[in-house]
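Novice: Below you'll find the structure I mean.
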Amino acid sequence: GDWAVHVPGVTPGGWPFEFYNDQYPDTDDTAVVLCALDAAGHRRDDGSKAGAAMARALDWLRAMQGSDGGYAAFDRDNNRHWVERLPISDFGEVLDLPSPDVTAHVLEAFTRCGGDELARRRALIWLRASEEEEGAYFGRLGGNYVYGGAAAATALAAAGERADKERLLRLGRWVQRHLHPTGASASQCSPTTIRATSAGARRPHPRPAGRCCPCSPPWRGRASWTPRGSWRRR
1 GDWAVHVPGV TPGGWPFEFY NDQYPDTDDT AVVLCALDAA GHRRDDGSKA GAAMARALDW
61 LRAMQGSDGG YAAFDRDNNR HWVERLPISD FGEVLDLPSP DVTAHVLEAF TRCGGDELAR
121 RRALIWLRAS EEEEGAYFGR LGGNYVYGGA AAATALAAAG ERADKERLLR LGRWVQRHLH
181 PTGASASQCS PTTIRATSAG ARRPHPRPAG RCCPCSPPWR GRASWTPRGS WRRR
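In full-length UniProt numbering, the protein residues as written are 1 to 234.
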């Protein structure tokens, strides 16, 4: 894929999104697949085919880390803004900038699957620095701040460092402030999607706080998990 231009000599090890997209693996989906394989009981050194794939993926993710410690989806250090000023640059997003949601997913994968410790630490530092006012985290690939916050909360909780407890509390308060009376969180996605996503931001909260709990009214019973892996509003 195009990623090899900036990362030459590295064995491919990523997963793409959707179908028929094998030439364009991305760090975000690769990190999520790693966490899924880990949850299924596979380990990078267990001698299995899945374990070997995990080892390649972890090496690939380490090589894809940006020079600032963050992670973009498809490329490394594709951040030269002058390209956006070219007359032919009229097709939307030209750059592939690091973002909190992608970096959080990779950080979680490194933490759970035993990736390179230096790369994990740099990703953690970058994610901490990406926290915005009032504790929010931007989510570039998903439902904006609710999606970014859910990814950051899960990654910081997995990292398990005492220094991040206050960050998780701030994020939990931010989610609470942006709840609608129905239990959904404000964003550009459908209420069902956001209700399910924001649950991820509330789960690792260090302290339960009334409506912040996804099992309490008015959130309870308003969405259900389908066999195909999506959420359906009841």
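Idealized CB from N, CA, C, for every residue including glycine.
In or out: Gly160 buried (at least 16 other Cβ within 10 Å) or exposed?
Specialist: Exposed is the call here.
Novice: Could you tell me the distance, in whole angstroms, from the CA atom of Leu34 to the CA atom of Ala152?
Specialist: Cα-Cα distance, rounded: 17 Å.
Novice: Check each candidate in Pro100, Asp75, Asp59 and Ala57 and name the one with the smallest Cα separation from Gly142.
Specialist: With distances taken between Cα atoms, Gly142 lies closest to Pro100.
Novice: Under 8 Å by Cβ, that's how I've got Asp96 and Ala73 pegged, so tell me the actual separation to the nearest angstrom.
Specialist: About 6 Å separates the two Cβ atoms, so the contact holds.
Novice: Let's test the definition: count the other Cβ atoms within 10 Å of the Cβ of Asp38 and tell me whether it reaches 16, buried, or not, exposed.
Specialist: Flag for Asp38 reads buried.
Novice: Determine, using beta carbons only, whether Met64 and Thr11 come nearer to each other than 8 Å.
Specialist: Their beta carbons are not under 8 Å apart, which means Met64 does not touch Thr11 by this criterion.
Novice: Can you tell which of Asn144, Ala136 and His180 has the C-alpha that lies nearest to the C-alpha of Leu169?
Specialist: The shortest C-alpha separation from Leu169 is found at Ala136.
Novice: Just grab the DSSP bridge partners of Asn78 for me.
Specialist: Beta-bridge pairing links Asn78 to Asp96.
Novice: On the DSSP letters alone, give me the boundaries of the alpha helix (DSSP H) that residue 235 sits inside.
Specialist: The structure shown has nothing for residue 235, since the chain only spans 1 to 234.
Novice: Taking the Cβ atom as the reference point for each residue, do Asp77 and Asp2 lie within a distance shorter than 8 Å?
Specialist: No, Cβ-Cβ distance for Asp77 and Asp2 is not below 8 Å.
Novice: Can you tell me where the alpha helix (DSSP H) with Glu161 in it begins and where it stops?
Specialist: Premise fails: Glu161 is in no alpha helix (DSSP H) and is neither H nor E.
Novice: Got a sec, what are the start and stop residues for the alpha helix (DSSP H) Ala3 sits in?
Specialist: Here residue 3 is Trp; the residue named in the question, Ala, does not match the sequence. First-last of the alpha helix (DSSP H) with Trp3: Trp3 to His6.
Novice: By DSSP, does Leu141 sit in helix, in strand, or in coil?
Specialist: Of the three classes helix, strand and coil, the one that applies to Leu141 here is coil, per DSSP.
Novice: Can you give the Cα-Cα distance for Ala123 and Pro87, rounded to whole angstroms?
Specialist: Answer to the nearest angstrom: the Cα atoms are 35 Å apart.
Novice: Would you kindly work out how many angstroms separate the C-alpha atoms of Ala119 and Leu127, rounded to a whole number?
Specialist: Those two C-alpha atoms are separated by around 12 Å.
Novice: May I ask you to report which of helix, strand or coil DSSP gives Leu61?
Specialist: Leu61: helix per DSSP, three-state reduction.
Novice: Take Leu58 and list the residues in its own chain whose beta-carbon comes closer than 8 Å to its own, dropping the five residues that flank it on each side.
Specialist: Within the same chain, Leu58 has close Cβ partners Gly13, Leu34, Arg44, Ala109, Phe110, Cys113, Gly114, Gly115 and Asp116.
Novice: Between the Cα of Leu61 and those of Trp174, His105, Asn21 and Gly51, spot the shortest distance and give me the residue it belongs to.
Specialist: Taking only the C-alpha atoms, the option nearest Leu61 is His105.
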